[in-house]
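Before any comments, here is the structure.
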Amino acid sequence: MNTIEDRTEISVLVKTFYNKIKEDAFIGPIFLKAIPEHEWEVHLEKLTDFWETNLFFKKKYKGNPMQVHVELDVKNNYTITQKHFEKWLELWMSTLDELFVGEKALKAKESARNISFMLFLKILTNKPNSVV
Numbered sequence: 258m259n260t261i262e263d264r265t266e267i268s269v270l271v272k273t274f275y276n277k278i279k280e281d282a283f284i285g286p287i288f289l290k291a292i293p294e295h296e297w298e299v300h301l302e303k304l305t306d307f308w309e310t311n312l313f314f315k316k317k318y319k320g321n322p323m324q325v326h327v328e329l330d331v332k333n334n335y336t337i338t339q340k341h342f343e344k345w346l347e348l349w350m351s352t353l354d355e356l357f358v359g360e361k362a363l364k365a366k367e368s369a370r371n372i373s374f375m376l377f378l379k380i381l382t383n384k385p386n387s388v389v
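Just so we're aligned: the sequence shown equals residues 258 to 389 in the numbering used here.
This is the structure in structure tokens:
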């Protein structure tokens, strides 16, 4: 089993993970609705930048993931729930377990747990009171 050494492995992780996301009956439709087919390559590069920044502290990623996810919830009529984040995390963890071992894989798991919690909390606090 490999370790995550650089952007090459991160790219494999991100692409494998999002292939699972797109095929998942529960969260796949949210992603497929949000990202047109012709924009997936750009999106995957941006997410590879995000994880390279996160795991190797290289300033590659530019963006505001909190705002993007709040807007995604709005576009989905405030239907994104904790269950969606649980599924996202389950798929992320299983992809890591299938592909990688080592310190960076553990860091990717820890970061994903923290990120999913913070993103859901941000979405939750931005939902209208009638939806919560």
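Glycine included, every Cβ here is placed at the ideal spot set by N, Cα and C.
In this text the structure is predicted, and so the values were computed from the model without any measurement.
Problem set entry | Proximity of Leu301 and Ala365 at Cβ, strictly below 8 Å | If you number the sequence shown from 1, residue 301 lands on position 44. If you number the sequence shown from 1, residue 365 lands on position 108. No. Outside cutoff.
Exercise. CA-CA distance, Ile337 and Leu346?
Worked result: Numbered from 1 along the sequence shown, position 80 holds the residue referred to as residue 337. Numbered from 1 along the sequence shown, position 89 holds the residue referred to as residue 346. When rounded, the separation of the alpha-carbon atoms in Ile337 and Leu346 is 14 Å.
Exercise. Given that a residue counts as buried once 16 or more other Cβ atoms are within 10 Å of its Cβ, and exposed if not, what is Thr305?
Worked result: Translated into positions along the sequence shown, residue 305 becomes position 48. Looking at its Cβ environment, which holds 16 or more other Cβ atoms inside 10 Å, Thr305 is buried.
Exercise. If you drop the 5 nearest sequence neighbours on each side, which residues of the same chain put their C-beta closer than 7 Å to that of Gly285?
Worked result: On the sequence shown, position 28 is the one that residue 285 refers to. So the qualifying residues of the chain are Ile278, Lys279.
Exercise. For Thr260, which residues from the same chain have a beta carbon less than 8 Å from its beta carbon, with the 5 sequence-adjacent residues on both sides left out?
Worked result: Translated into the one-based positions of the sequence shown, residue 260 becomes position 3. If the five residues before and after Thr260 are omitted, its C-beta is found closer than 8 Å to the C-beta atoms of Glu266, Phe357, Val358, Gly359, Glu360, Lys361, Ala362, all from its own chain and listed in chain order.
Exercise. Leu348 and Asp263: beta carbons closer than 8 Å?
Worked result: As a position in the sequence shown, residue 348 is number 91, starting the count at 1. As a position in the sequence shown, residue 263 is number 6, starting the count at 1. In terms of Cβ geometry, Leu348 and Asp263 do not form a close pair [threshold 8 Å].
For this session: Determine the burial state of Asp354: buried for a count of at least 16 other Cβ atoms within 10 Å of its Cβ, exposed for fewer.
Result: Taking the sequence shown and counting its residues from 1, the one referred to as residue 354 is at position 97. It counts as exposed.
Exercise. What are the complete alpha helix (DSSP H) segments, minimum 4 residues, inside the region 309-369?
Worked result: Taking 4 residues as the shortest admissible run, the region 309-369 contains the following complete alpha helix (DSSP H) segments, listed from N- to C-terminal end: 322-332, 339-356.
For this session: Assign Glu367 to buried or exposed, taking buried as 16 or more other Cβ atoms, counted over all protein chains shown, within 10 Å of its Cβ.
Result: Within the sequence shown, the letter at position 110 stands for residue 367. Classification for Glu367: exposed.
Exercise. Excluding the five sequence neighbours on either side, which residues of its own chain have a C-beta within less than 6 Å of the C-beta of Lys315, listed in chain order?
Worked result: Counting from one through the sequence shown, the residue named residue 315 turns up at place 58. Around Lys315: Glu309.
For this session: Note the first and the last residue of the continuous alpha helix (DSSP H) segment covering Ile278.
Result: For the purposes of this step, residue 278 is taken as residue 21 along the sequence shown, with counting starting at 1. Under the DSSP assignment, Ile278 falls in the alpha helix (DSSP H) whose first and last residues are 264-280.
For this session: Assign Leu378 to buried or exposed, taking buried as 16 or more other Cβ atoms, counted over all protein chains shown, within 10 Å of its Cβ.
Result: By 1-based counting over the sequence shown, the position of residue 378 is 121. The C-beta of Leu378 has fewer than 16 other C-beta atoms within 10 Å across all chains shown, which makes the residue exposed.
Exercise. Between Arg370 and Val269, what straight-line distance do the alpha-carbon atoms span, to the nearest angstrom?
Worked result: By one-based count along the sequence shown, residue 370 stands at place 113. By one-based count along the sequence shown, residue 269 stands at place 12. Each residue's CA atom was taken as its position, placing Arg370 and Val269 some 20 Å apart.
Problem set entry | Contact set for His341: own chain, Cβ-Cβ below 6 Å, skip 5 residues either direction | Sequence index remark: in the sequence shown, residue 341 carries index 84 (1-based). For His341, where only same-chain residues beyond five positions count, the Cβ hits under 6 Å are Ile284.
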